[in-house]
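Worksheet: the structure to be examined is printed underneath.
Quick look at the structure:
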């Protein structure tokens, strides 16, 4: 059967995969965020300190939000920006697993779940993006807000900076361990790289698409994740070296990103409503 071209549809298989991924993310989120001191027995490897576990759990919570959006939406362009960041995130964790194979709890159910997820997800998600991307009409929704090129440039610059941090975390963990606000290991440095790659790639993706509707779901998921990370900072503040300027840069930087997302979201949602109201009040011609 010949697939319909450029109808902006999300293929059913894309939603099915999202539905299969969500249960893994829910279980991992509960363990990492609410039981961060029990990762030695409940997770694929022991994560210390709790802040690292909770930050990974926060990333999974954002993933739950995003993949729920994938299931619920029927328009491809609304979820397309998130798939490449997820692919990069999963790919980094795949490589980190191979590099630090000896650190994992082999033979346990959490280990098998981890390996099953990260040795398949990069290929499956990237394949879904390739398969579904031709559906994008490249047209804004009716009354869609258009993001100004200058704003997209700033978002892209922030994304590129965040991605650069991710690259350093992965390629030079020894340096980043010395600079980081709390204790990292080579493995958790590379896991941190995966987490920083998410907002980095999201920023670059938003810079390349001017439609607010394309950014909305993935931006909401990132905001949710950042909020949980900030709560984790308060919960595990004892793990931070507050004499290290990096502790303040990390906390204030994340708070600034969350504030920016809230303002950005409020502005463009209000823009959408104003355009809709203006259309209603305009006289018929």
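Numbering (our numbering), first residue to last: 15 to 299.
Just so you know, even glycine gets a beta-carbon here, dropped at the ideal spot from N, CA and C.
- Taking all protein chains shown into account, residue 273 has fewer than 16 neighbouring C-beta atoms within 10 Å of its C-beta and is therefore exposed.
- Across the structure, residue 146 and residue 139 are spaced so that their CA atoms are roughly 10 Å apart.
- In this structure, residue 68 keeps its C-beta atom at 8 Å or more from the C-beta atom of residue 223.
- Within the model, the alpha-carbon separation for residue 35 versus residue 80 is close to 11 Å.
- Annotation: the continuous alpha helix (DSSP H) that includes residue 169 extends over 163-185.
- Take the alpha-carbon of residue 166 and the one of residue 94: they are about 17 Å apart.
- The DSSP-derived three-state label of residue 272 is helix.
- Inclusion of residue 277 and residue 265 in the CB contact set at 8 Å is not warranted, their separation being larger than that value.
- The Cβ atoms of residue 84 and residue 28 sit closer than 8 Å to each other.
- The beta carbon of residue 132 sits closer than 7 Å to those of 104, 107, 108, 111, all from its chain and outside the five residues before and after it, given in chain order.
- Counting only runs of 4+ residues, the alpha helix (DSSP H) found wholly inside the region 209-290 occupies 226-249, in chain order.
- A distance below 8 Å separates the beta carbons of residue 215 and residue 177.
- Across the set 179, 137, 227, the C-alpha of 179 shows the shortest separation from the C-alpha of residue 204.
- In terms of Cα proximity to residue 175, the closest of 52, 213, 202, 158 is 213.
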